[in-house]
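Accompanying notes for the structure given below.
2 protein chains.
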Amino acid sequence: MSDPPPKRRLRMTRQRRVILEELKKLKAHPTADEVYEVVRERLPRISLSTVYRDLETLCEWGKVRLLEVGCAKKHFDYDTRDHYHVRCARCGRVENLPVEPFTYLEQAFRDLTDYEVTGHKLELIGICPECKRKEEEEKKSKEEAP
Amino acid sequence: MSDPPPKRRLRMTRQRRVILEELKKLKAHPTADEVYEVVRERLPRISLSTVYRDLETLCEWGKVRLLEVGCAKKHFDYDTRDHYHVRCARCGRVENLPVEPFTYLEQAFRDLTDYEVTGHKLELIGICPECKRKEEEEKKSKEEAP
DNA sequence: TTCAGCAATAGGAGTTATTCCTATCTTATG
DNA sequence: CATAAGATAGGAATAACTCCTATTGCTGAA
Ligand SMILES: [Mn+2]
Ligand SMILES: [Mn+2]
Ligand SMILES: [Zn+2]
Ligand SMILES: [Zn+2]
């Protein structure tokens, strides 16, 4: 029927190297087009579709981790180890939570479902300092001139 | 500057009632267009944009809960109480986890971030029985004719 | 009851993020 | 070098929403 997996040789091209380097430098968890914006400064001719393709390739390669947060854009993480995140409900920013993942959770929950459990995701939701500040400013200006 | 909130009166229209009833009947956590498909059988002239708009309105109204699972489509839940879910990594199906949410988690994590924490989300990831079955069938057919 | 006015709808256009396609270029290897 | 697999730029296509507009439906005051 179907052939055995073709095992193509992945190449560490300039584009891929730069994407990886810039992702490492950013402490945030950028979306594809945030990566595009910074990478463009070093490789002005790179295309957005290359960024998408390379990020996907690097994920399969195990050099980058895709974060599926909330419901909107894909975010990418240079740190491929298991860890948790906080997400801002307003602006979508994502940051790390410095805490060890609860490995026992999956064991503990295994009997509650007939799914074959392969992992879990824990996400804190909140308002980031910047969005909080903006919110307070707006509130203040409303009080001043109602 | 901006006017005070206009406080419009929401109406429980036929469309909204049917959407709510069908959502209640479905045990799953359907996406907007899965809702559209079933509602269409009772209201053949309803439009997809009405389904989207009404689901959003019902969420604001507190009668429906929007689930932001994984990264793709929006799923909707008739049960607005806090609870956890399992998601199939293959097909995206979402089911409830019969367990009380860990309310202490948010307290415990509060010091780990400068975000103002407002909630959390815990999601088990796995393979649903149906996808597991398919996977095994494929494996078998490969072994038979390699 | 009538009717003014706000609320809601159908249908379709527009948007956003992502994926797909293709002609062309690059690299590794014999 | 010749060749072929891998990768790229640029743009078209798609999926899932989101917005717009003309029309219709309700409702509460007269
Ligand atoms: Mn991270
Ligand atoms: Mn649920
Ligand atoms: Zn924010
Ligand atoms: Zn499945």
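Protein chains in written order, with this note's numbering: chain P, 901 to 1046; chain R, 901 to 1046. Glycine included, each C-beta is placed from N, C-alpha and C at the ideal position. The structure presented is a predicted model; accordingly, all values stated were derived computationally and were not measured.
Any idea which residues DSSP pairs G1026 of chain R with across the strands? According to DSSP, G1026 of chain R bridges with P:V1017, R:C988.
Could you check which residue in P:K1021, P:K1039, P:R953 has the C-alpha nearest to that of E1000 of chain P? Of the candidates P:K1021, P:K1039, P:R953, the residue whose Cα lies closest to the Cα of E1000 of chain P is P:K1021.
Are the beta-carbon atoms belonging to T950 of chain R and Q915 of chain R less than 7 Å from one another? Contact: yes.
7 Å CB neighbourhood of L1005 of chain P in its chain, flanking five on each side removed: Cβ within range, chain order: H1020.
C1031 of chain R: which of R:P930, R:R990, R:L997, R:E968 sits nearest, CA to CA? Nearest to C1031 of chain R by alpha-carbon distance, out of R:P930, R:R990, R:L997, R:E968, is R:R990.
Residues of chain P with CB closer than 7 Å to the CB of C959 of chain R, please, in chain order. Simply none; closest approach about 13 Å.
Please list the partners that T931 of chain P has in chain R, where partner means a Cβ-to-Cβ separation under 8 Å. Residues of chain R passing the Cβ test: none, with the nearest at roughly 11 Å.
Shorter than 6 Å, the distance from the beta carbon of D982 of chain R to the closest heavy atom of ligand 2, or not? No, the beta carbon of D982 of chain R sits no closer than 6 Å to any heavy atom of ligand 2.
Sequence-distant residues of its chain with Cβ nearer than 8 Å to L920 of chain P (five each side left out): Answer for L920 of chain P: L958, K963, V964, Y978, listed in chain order.
Around the C-beta of A972 of chain R, are 16 or more other C-beta atoms found within 10 angstroms, so that it is buried, or is it exposed? So A972 of chain R counts as exposed.
Return helix, strand or coil for T957 of chain P, following the three-state DSSP convention. Of the three classes helix, strand and coil, the one that applies to T957 of chain P here is helix, per DSSP.
DSSP beta-bridge partners for F976 of chain P? Answer is P:L966.
So with Cβ pairs under 7 Å, would you call T1013 of chain P a contact of chain R? Using a Cβ-Cβ cut-off of 7 Å, T1013 of chain P counts as an interface residue toward chain R, since at least one Cβ of chain R sits closer than that to its own.
Quick check: the Cα distance between R1033 of chain R and N996 of chain R, rounded to an integer number of angstroms? Going from the Cα of R1033 of chain R to the Cα of N996 of chain R covers about 21 Å.
Enclosing alpha helix (DSSP H) for E922 of chain P [first to last residue]: Its alpha helix (DSSP H) spans residues 914-925.
Please classify D954 of chain R as buried or exposed, where buried requires at least 16 neighbouring CB atoms within 10 angstroms. When all chains shown are included, D954 of chain R counts as buried.
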